[in-house]
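Structure first, then comments.
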Amino acid sequence: MTECSASHAKPLLAVTGVAKAFGRNPVLKGVSFSLLPGEVLALVGENGAGKSTLMNILSGGMPYDAGTILLDGNEYRPATPSEAIRRGVAIAHQETAIMPDLTVAENIFFGREPRNALRLIRQKQMHLDCRRLLADLGFAIDPYRMGNDLSAAERQMVEITRAILHEPRILVLDEPTASLSSQAAQTVLDLMARLKARGTSTIFISHRMSEIIDAADRAVVLKDGELTLEARRGEFDRDDLIQAMVGRKLSNIFPGRPVSLASRPMVFKVRDAGNSALAPISFYLRRGEVLGIAGLEGQGQKALARALCGASPFTTGTVALHGKPAKLNSPAAAIAAGIASIPDDRKHDGLALNLPIRMNMSLFAISEKSRFGLLPLNAEKQFGEFARQRFAIRSTDLEQPVGQLSGGNQQKVVFARWLARVPEVLVLYEPTKGVDIESKSEIYHLIGELTAQGVPVILISSDLLELIGMSDRILTLYEGRISGAIARRDFSEEAIMAHAAGPATKAPATIDREAACV
Amino acid sequence: MFDGSLRFNLLLALPALILVILLTVVTATLSPSFLTEANLANIATRLLPLGMVALGQAIVLFAGRIDLSVGSIMSLSTAIMALTSTSLGWLSITLTLAIGIACGLFTATGVIMLRINPLVMSLATAAIVKGVTLLILPSPGGEVDYALYELLFEREQLFGLPLLLSLMAYAVFAVVMGWSRFGRSVYAFGSDPRAAFANGVSGVKVDLAIYALSGLFSSLAGIFLSIRILSGDPLIGEAYTLDAVSAAILGGVALQGGRGNVIGVFLAALSLVLVNNTFNLLELDTNLQAIAKGLIFVCALVFFMRGKAGGEA
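Which chain is which? The protein sequence lines are H and A, in order.
Read the first sequence against our numbering and you will find it ends at 827, with the numbers running on by one and no gaps.
Read the second sequence against our numbering and you will find it ends at 335, with the numbers running on by one and no gaps.
Okay, structure coming up:
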């Protein structure tokens, strides 16, 4: 307090030597950083680096063991989320807390509803206020929609709106753009800029390097509970961030792709296949090819994934595998045909979270290795241990419930299942959503190995970096139709976004004839 | 079919309303005594205890919990009334209500502190309460102050105090559940406890409140019942447990929590009373009545499950 340092602004938040351990396991080992008024600070790090713990401490979710946090020069040690909010710190969690049977407005205004003289909630007023608020923020959501009716992106927007309604001095956004298409993500980034203009500070967690570089005034990188990089805008680039996060270069993240696949046989053909959510579409896959599917949020990507894995089958057209017609009218039929699919929502669609890794891994192996309908425990354990090492799944042992693993490791368990049986076609839907960069890289190399064995892969993703790094060819979906096809030599974020935004007047001319299946 | 908010959607009350109309028309046609003042007053009288206990159950179900001890708490309440009403007067009603609330809080404590499944915990409470009841009143008997009977049931009319009390309770809780922050917390908790917690809802408070209310309404039901029969009966409440759940489900309340409104529950409770009345007036076997009620329960479950599935597709 005696003197002001060279920086003329006094920090709004000063974190000094904050440490936190769970049992004997230290998660934060003395982290120090500061946040200026109106500053946008990116917090970067692998899953498990301590970001979430730090966010939880700031938002009153858990106490810290050592160190000090000063908010405006006063000690800041919130015991509950509501105390944090009172002090002006609001968080929008990545795992959104949307109540399914309440409307959007009821969710956003929960606990802060406008009330009349009898202390009864003014429903209509609240929904009107909410409509204005959402429009002001640039989110196109009807306030009367029910929570259970919202897409992941819309849930994220509701979560952010709820945090902003507190008019916080510090807004904490935990991976706000992870579930958003580039366009929706841009809305959120614009919003951060507007809040900044109003003097609100933002701490945001992100795995998307480009938005960190574009939107953050400063970035701090956490690795294993320690700060490994702190840099101002313009003083760091993508490679610096990745190096600080995992200690390796971007070029090592993706496996190399073969130069040409044109001579390879077509293994998988989909012709004029459609259903209520998909216009009849046609595409093919060559042996060992990775076909990327891009598009803005909700343009039929999920419908395609669900149709290919038999969950909501195609109602028209044909699917052929190795020249023979394949019926994909139920998940069981798709699995029998050898279509392996990895869902985006592994918690709901893919894994039995309460069961140990061992049992989760052997779900598909059961039919092949079982004798008299029983699965020998020994075989199960052998397979599990082999897979655990092969995929570098970080866990205490095979008996650890899958629910306790990190997102990246959970996803590796899902992949490991298919090791029991090499699939004919692998369908991936947002395979690295919420996965740290190291696990991502491991997953990418795994996909590379499978394609080297000849397995064709359909990669449906909203991560442009991933699509460009992994695909041999990219199709874009728009309103359930294929709106563009891009060959590897023409890959760029701009090219993908241009096709993804719909069939523009000149689009047909730019569709690559070789890349499209015509 | 059930779009939008399922708390305010009156369509949920439609099946119960249809059943009420159907039973009224059929029974009025087949039995001349149905529309007499005495019979209508009888319906209002019988609606009072079921209405109360169903309202409590519905509130518990809104929060995604269940209370299978309501019938036992009713029986206990009749026993306490029968043993104390003549000596303690009005105080005995206060005592009975306090004990009813205590029973509910006991269930809540097990659910909160010991994390016992609410269904199992409330069954355990039911067993304990039933045991206590049989200890203090092994067989039907005792005496309830006749003045209370005079006050409530003597004037046999449809629009008397019993119907008024039912309507008032439902009107108050229609507003409380629909438009108060407490009501919203209950629905939010039933909708998704984890999300509700993240939004500042205290699950402990919700559990305490809903089970206390359920205990309160169960003992109210027991008090009204004991006044009507002017005595206590250690087993009289048994059938009300299923009837209460049944009325809630038929009224459009989701077993999973978060959905339904009390208007539907009121009509559903009325329809169950009408089923009783119909069977009595038409002199049908009482065992058939149990079968009919069970079937209505199943039909209601299936009907509303379809509605829910449609909403989620």
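Where a beta carbon is used, it is the ideal one built from N, C-alpha and C, also for glycine.
Keep in mind it's a predicted model, so treat the numbers as computed, not measured.
- Taking Cβ-Cβ distances shorter than 8 Å, what residues in chain H pair up with Ser213 of chain A? Going along chain H in sequence order, the residues near Ser213 of chain A (Cβ under 8 Å) are Met408, Pro409, Asp410, Leu411, Gly456.
Fill in: Where Ser391 of chain H meets chain A, residues with beta-carbon distance less than 8 Å
Simply Gly222.
Which residues mark the beginning and the end of the alpha helix (DSSP H) in which Asn302 of chain A is found?
-> For Asn302 of chain A, the enclosing alpha helix (DSSP H) starts and ends at 284–303.
**OP:** Spatial neighbours of Phe545 of chain H within its chain, please: CB distance less than 8 Å, with the 5 preceding and 5 following residues excluded, ordered by chain position.
**Re:** Around Phe545 of chain H: Ile522, Ala528, Leu538.
Checklist entry - Does the beta carbon of Ala234 of chain A come closer than 8 Å to any beta carbon on chain H? => result Any Cβ of chain H closer than 8 Å to the Cβ of Ala234 of chain A would place that residue at the interface, and such an atom is absent.
Worksheet entry | At least three beta-carbon pairs within less than 8 Å, the segment 761–770 of chain H to the segment 731–750 of chain H | Taking a cut-off of 8 Å for Cβ pairs, the segment 761–770 of chain H and the segment 731–750 of chain H touch, as three or more such pairs fall below it.
Check: Can a CB atom of chain H be found closer than 8 Å to the CB of Trp112 of chain A?
Finding: Proximity of Trp112 of chain A to chain H, defined by a Cβ-Cβ separation below 8 Å, is not satisfied.
Buried or exposed (CB count within 10 angstroms, at least 16 for buried), Ile400 of chain H: Looking at its Cβ environment, which holds 16 or more other Cβ atoms inside 10 Å, Ile400 of chain H is buried.
**Asked** To the nearest whole angstrom, what separates the beta carbons of Gly244 of chain A and Leu77 of chain A, a pair I think is in contact under 8 Å?
**Response** With 8 Å as the limit, Gly244 of chain A and Leu77 of chain A do not qualify as a contact, their Cβ atoms being about 14 Å apart.
TODO: Mind reading off the beta-carbon distance from Ile479 of chain H to Gly397 of chain H? Whole number of angstroms is fine, and I expect it under 8 Å.
DONE: 6 Å between Cβ atoms; contact.
Review point. Three or more beta-carbon pairs under 8 Å between the segment 176–190 of chain A and the segment 348–360 of chain H, yes or no?
Key: Using a C-beta cut-off of 8 Å, the segment 176–190 of chain A makes no contact with the segment 348–360 of chain H, since fewer than three inter-stretch Cβ pairs fall below that distance.
Should Tyr168 of chain A be labelled buried (16 or more other beta-carbon atoms within 10 Å of its own) or exposed? Residue environment for Tyr168 of chain A: exposed (fewer than 16 other C-beta atoms within 10 angstroms of its C-beta).
Could you work out which residue in A:Arg203, A:Val228, A:Leu230, A:Val166 is closest to Ile249 of chain A when comparing CA atoms only?
Of A:Arg203, A:Val228, A:Leu230, A:Val166, the residue nearest in Cα terms is A:Val166.
Check: So, helix, strand or coil for Ile777 of chain H, using DSSP?
Finding: Ile777 of chain H: helix per DSSP, three-state reduction.
**Request:** Report the three-state DSSP secondary structure of Ile150 of chain A (helix, strand or coil).
**Result:** Here Ile150 of chain A carries a helix assignment [DSSP, helix/strand/coil].
Label Phe325 of chain A either buried or exposed according to how many other C-beta atoms from any shown protein chain fall within 10 Å of its C-beta, with 16 as the threshold for buried. Per the 10 Å Cβ criterion, exposed.
- Under the three-state DSSP convention, the category Met135 of chain A falls into: Met135 of chain A carries a helical assignment under DSSP once its states are collapsed to helix, strand and coil.
ask   = Quick one: complete beta strand (DSSP E) runs, 3+ long, within the segment 332–401 of chain H?
value = 334–344, 349–354, 375–380, 398–401, all fully within the segment 332–401 of chain H.
TODO: Please report the Cβ distance between Leu272 of chain A and Ser293 of chain A, rounded to the nearest whole angstrom; I am assuming they are in contact, meaning their Cβ atoms lie under 8 Å.
DONE: At roughly 7 Å, the Cβ-Cβ gap stays under 8 Å, so Leu272 of chain A and Ser293 of chain A are in contact.
Item to check | Closer than 8 Å at the beta carbon, the chain A residues around Arg615 of chain H | outcome: Per Cβ cutoff of 8 Å: no residues; Arg615 of chain H is ~13 Å from chain A at best.
Ser715 of chain H by DSSP, collapsed to three states: which one? Coil.
Checklist line | Rounded Cβ spacing between Leu100 of chain A and Leu296 of chain A (contact assumed at less than 8 Å) | finding: Per the sequence shown, residue 100 of chain A should be read as Thr rather than Leu. The Cβ separation is near 24 Å, so there is no contact.
- Start and end of the alpha helix (DSSP H) containing Leu229 of chain A? For clarity, residue 229 of chain A is Asp in the given sequence; the question names Leu instead. From DSSP, the alpha helix (DSSP H) with Asp229 of chain A extends over 225–251.
task = Count the other C-beta atoms from every protein chain shown that fall within 10 angstroms of the C-beta of Ser240 of chain A, then say buried if there are 16 or more, exposed otherwise.
result = Under this definition Ser240 of chain A is a buried residue.
Along the beta strand (DSSP E) that carries Glu535 of chain H, what are the first and last residues, could you check?
535–541 is the extent of the beta strand (DSSP E) around Glu535 of chain H.
Exercise for the section: Report the three-state DSSP secondary structure of Leu33 of chain A (helix, strand or coil). Expected result: When secondary structure is reduced to three states using DSSP, Leu33 of chain A falls in the helix class.
Assigned secondary structure, Thr129 of chain A (DSSP; H/G/I helix, E/B strand, else coil): In the structure shown, Thr129 of chain A sits in a helix (DSSP, three-state: H, G or I).
Exercise. Based on Cα-Cα distance, which residue from A:Ala217, A:Ala130, A:Ala104, A:Val82 lies nearest to Thr118 of chain A?
Worked result: Among A:Ala217, A:Ala130, A:Ala104, A:Val82, the Cα nearest to that of Thr118 of chain A is on A:Ala104.
Output, in chain order, the set of chain H residues within a Cβ distance shorter than 8 Å of Val197 of chain A.
The CB of Val197 of chain A comes closer than 8 Å to the CB of Leu429 in chain H, given here in chain order.
Practice item. Give every residue of the same chain whose Cβ lies closer than 7 Å to the Cβ of Arg790 of chain H, excluding the five residues on either side of it in the sequence, and list them in chain order. Key: Exclusion of the five residues before and after Arg790 of chain H leaves Ala588, Ile590 as the residues of its chain whose Cβ lies within less than 7 Å of its Cβ.
### Query
For chain A, is any of its Cβ atoms less than 8 Å away from the one on His808 of chain H?
Chain A, which has no Cβ nearer than 8 Å to the Cβ of His808 of chain H, makes this no.
Notebook entry, point to check: Interface residues of chain A around Glu422 of chain H at Cβ under 8 Å?
Noted result: Within chain A, the C-beta atoms nearer than 8 Å to that of Glu422 of chain H come from Arg203, Arg206, in chain order.
Continuous beta strand (DSSP E) stretch holding Leu735 of chain H: start and end
Residue range 734–738 is occupied by the beta strand (DSSP E) that includes Leu735 of chain H.
| request: Tell me whether the beta-carbon of Ala130 of chain A lies closer than 8 Å to the beta-carbon of Asp229 of chain A. | output: Contact: yes.
Query raised in the report: Of the residues A:Asn299, A:Leu83, A:Ala290, A:Met143, which one's Cα is nearest the Cα of Phe319 of chain A?
Result: Comparing Cα positions, the closest option is A:Ala290.
At the level of alpha carbons, what is the spacing between Leu536 of chain H and Arg596 of chain H? Computed Cα separation, rounded: 44 Å.
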